[in-house]
Amino acid sequence: MDNRDKSKPNSDEAKERRPKWMIPLIAVVVVSVLALAVVFAWRAYEHRQHDSALSSCSQAVSNLHGLTRPSQLARYHEAGAVRADQVKDAKTIKALSRSVKAVGSLRPQTLQCKTSMSTESLEATANKSKKLDAGYHAVYKAANAVLASRDAKTLNDAKAALSCKINEAKKLLQDSDGKVADNTVRDNLQKVIDQADQVTGDEIKAYQDAVSALQVAIDRVNASTQTKSQADQQAAAQAQRQSRPTSSNNGRRGSVQSRRPASRPSGNRGGGGGGSSQAPTAPSSPQRGDGNGTSGHAVLPPLDTTHHGCNPDGSCGIG
81 MDNRDKSKPN
91 SDEAKERRPK
101 WMIPLIAVVV
111 VSVLALAVVF
121 AWRAYEHRQH
131 DSALSSCSQA
141 VSNLHGLTRP
151 SQLARYHEAG
161 AVRADQVKDA
171 KTIKALSRSV
181 KAVGSLRPQT
191 LQCKTSMSTE
201 SLEATANKSK
211 KLDAGYHAVY
221 KAANAVLASR
231 DAKTLNDAKA
241 ALSCKINEAK
251 KLLQDSDGKV
261 ADNTVRDNLQ
271 KVIDQADQVT
281 GDEIKAYQDA
291 VSALQVAIDR
301 VNASTQTKSQ
311 ADQQAAAQAQ
321 RQSRPTSSNN
331 GRRGSVQSRR
341 PASRPSGNRG
351 GGGGGSSQAP
361 TAPSSPQRGD
371 GNGTSGHAVL
381 PPLDTTHHGC
391 NPDGSCGIG
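See below:
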């Protein structure tokens, strides 16, 4: 009993020694700590929200910039310039036109996401970028479809052109046999034809190169054919020119010999030979010269071109 009575005064003394402001101070400290914890937690949450918005905005803008970079815009314009008759499927042209109309115009996008921007601004920019990205993605797909359809038609046309050129080359090879100045051009044409027959695959340039090689070989054969044709014509003309003088000279010689008058016999009227006469004389026996230097050989009388049958001296034969 005595001990318990002694402890009560001690507890009362302890209460009397504790300051009255201690409890309110502790309460204030606790509340402050809790408030600071809430503030830090909220700021951490806002920071995480800002970082998330910044990341989302940056990704959206990056995707949009990838679809609107200069090389892509050039590809869109290239597809937009393709005509309906240049593609295998004309529907792709209409789809591209609709998608371009949806985005308004094809131009580079300058949207940016900065750390200094608020979370709300970042989210707004991200949403705008995503909307534009969807529109340009449709343009991207439509442009690729147009260019693929164009390439498909170009490939088919290239294959058809090569087939036609091969047939042309084969016909020329057959028709030019023996008609070229140099047969090596025909051998080369056959070689190029064999190479063209081996072209396969989907590479348009391979078919176009084969057509070009065939055309070069065809042109060489045609040039050689033209050269031989000209040479043959020149040879024929030369042969004709060489044959004309021979025939003409033969004709002239025969004419001169048939019309050349024979020399009159000398010494008929006591003297030298007189002028020529068109009246023929009857054949006479050989006479010798009379000293005027005439030959003693027999001389044929001149031809009778007047048909009166008289001698040059005026006497006429019987009948």
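All residue numbers for the sequence shown refer to this note's numbering, where the first residue is 81 and numbers rise by one. Yeah, the Cβ is synthetic: ideal placement off N, Cα and C, and Gly gets one too. If you're wondering where the values come from, they're calculated on a predicted model, not measured in any experiment.
DSSP places R149 outside both helix and strand once states are collapsed to three, so it counts as coil. Exposed is the label assigned to K100, since fewer than 16 other Cβ atoms lie within 10 Å of its Cβ.
Using a Cβ distance threshold of 8 Å, A225 and T148 do not count as a contacting pair.
Take L253, set aside five residues on each side of it, and the residues of its chain with a beta-carbon closer than 8 Å to its own are R266, L269, Q270, I273, V301, in chain order. With the rule of 3 Cβ pairs closer than 8 Å, the segment 111-118 does not count as touching the segment 175-191. Nearest Cα to D289 within the set K174, A107, A121, S243: S243. DSSP places K251 within a helical segment (H, G or I) once states are collapsed to three. Per the C-alpha coordinates, the member of V291, P150, C193 positioned closest to E248 is V291. One thing to note: S229 has its Cβ within 8 Å of the Cβ of V167. Secondary structure of D231 (DSSP, three-state): helix.
Sequence-distant partners of K239 (beyond 5 residues in either direction) whose C-beta falls short of 8 Å from its own C-beta, in its chain, are Y287.
Taking C-beta atoms as the reference points, I284 and L235 count as a pair closer than 8 Å. Collapsing the DSSP output to three states places G215 in a helix. Within the segment 159-228, no complete beta strand (DSSP E) segment of 3 residues or longer occurs. Going by DSSP, Q275 is part of the alpha helix (DSSP H) stretching over 264-277.
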